[in-house]
Amino acid sequence: MLQDIAPYVYHNEYTPCAPQPEDYLLIYREQELLLRQEEASFSLPKIKELAWSAEQLHISCRYLFSISQKHFFLASDTTASSLSGYSFQPIRVLRNAHPAHLAFAGITGMQLSHWYDTHRFCGRCASPMKHSDKERMVYCPKCKTIEYPKICPAVIVGILNGDKILLSTYAGRDVKSYALIAGFSEIGETIEGTVHREVMERSRSES
Numbered sequence: 003m004l005q006d007i008a009p010y011v012y013h014n015e016y017t018p019c020a021p022q023p024e025d026y027l028l029i030y031r032e033q034e035l036l037l038r039q040e041e042a043s044f045s046l047p048k049i050k051e052l053a054w055s056a057e058q059l060h061i062s063c064r065y066l067f068s069i070s071q072k073h074f075f076l077a078s079d080t081t082a083s084s085l086s087g088y089s090f091q092p093i094r095v096l097r098n099a100h101p102a103h104l105a106f107a108g109i110t111g112m113q114l115s116h117w118y119d120t121h122r123f124c125g126r127c128a129s130p131m132k133h134s135d136k137e138r139m140v141y142c143p144k145c146k147t148i149e150y151p152k153i154c155p156a157v158i159v160g161i162l163n164g165d166k167i168l169l170s171t172y173a174g175r176d177v178k179s180y181a182l183i184a185g186f187s188e189i190g191e192t193i194e195g196t197v198h199r200e201v202m203e204r205s206r207s208e209s
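So this is what it looks like as structure tokens:
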């Protein structure tokens, strides 16, 4: 999570720049990320590993965000063929991976990658969308529809009973794990209302 990457600092401001040799590449395929697994950690490919011209990098790499002084760029999965020593791994391997700031980058980048991938065409007139050079936004040059990344407010609730805490689990998953009560806010719902509803739905208890 965001607080776990200290002393590194996440910069979400959209300040696109030219890729530099030490900047990172985020390359996804479905729910997988291209990485190199090491003994107790992992690494991501860097720009310097691509023998590409500045023009090709500009065309093929999309700026996403920065963490401290390093920039992260999105590239298509076809880029993987130009990199050696890496393999696609399920994104879930990053949950407890180190270094934490690179794991955070991989998970955050996947959300943006999915948004870009599902907004290639206008939902109103089906025309190809164009990317803004000034902000993290895509727009339709034909009907002027504008799309920004979707933000989904959510809550995580700790329900205490003395020295015990209520945990829930999900059926039908490969790995059985426990988690706090959590859920997304619905349209027109306050955060407090979300807490009350989620507690009722998950535990059948009054909050």
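Note that the working numbering gives residue 172 to position 170 of the sequence shown, counting from 1, and the numbers run on in steps of one. By construction, the Cβ of each residue, glycine as well, lies at the ideal position given by its N, Cα and C atoms.
- By the neighbour-count criterion, in which 16 or more other beta carbons inside 10 Å mark a residue as buried, Gly174 falls on the exposed side.
- Using a C-beta cut-off of 8 Å, the segment 6-18 makes contact with the segment 96-104, since at least three inter-stretch Cβ pairs fall below that distance.
- Beta-bridge annotation (DSSP): Asn98 is not paired with any residue.
- Under DSSP, Ile158 takes part in a beta bridge, and its partners are Ala184.
- Measuring C-alpha to C-alpha distances from Arg204 to each of Leu168, Ile189, Glu188, Glu194 identifies Leu168 as the nearest.
- The residues Cys124, Arg126, in chain order, have a CB closer than 6 Å to that of Thr147 in the same chain once the five nearest residues on each side in sequence are set aside.
- Exposure of Ser89 is indicated by the presence of fewer than 16 other C-beta atoms within 10 angstroms of its C-beta.
- By the Cβ-count criterion, His121 is buried, with 16 or more other Cβ atoms from all chains shown falling within 10 Å of its own Cβ.
- As a beta-bridge residue in DSSP terms, Tyr26 pairs with Lys48, Phe74.
- Within the model, the alpha-carbon separation for Val201 versus Asp165 is close to 19 Å.
- Arg204 is bridged by DSSP to nothing; it lacks a bridge partner.
- For Glu34, the enclosing beta strand (DSSP E) covers residues 34-39.
- When secondary structure is reduced to three states using DSSP, Tyr118 falls in the helix class.
- Counting C-beta pairs with one atom in each stretch, the segment 72-91 and the segment 23-34 have three or more that are closer than 8 Å, which means they touch.
- Of the candidates Ser55, Glu40, Lys50, the residue whose Cα lies closest to the Cα of Gln22 is Lys50.
- It is roughly 23 Å from the alpha-carbon of Met139 to the alpha-carbon of Gln71.
- C-alpha of Ala53 to C-alpha of Arg206: approximately 58 Å in a straight line.
- DSSP, read as helix, strand or coil, puts Leu66 in strand.
- Between the alpha carbons of Trp117 and Ser62 lies a distance of about 17 Å.
- In the three-state DSSP reduction, Val197 falls in the helix class (H, G or I).
- Pairing Leu46 with Leu37 gives a Cβ-Cβ distance under 7 Å.
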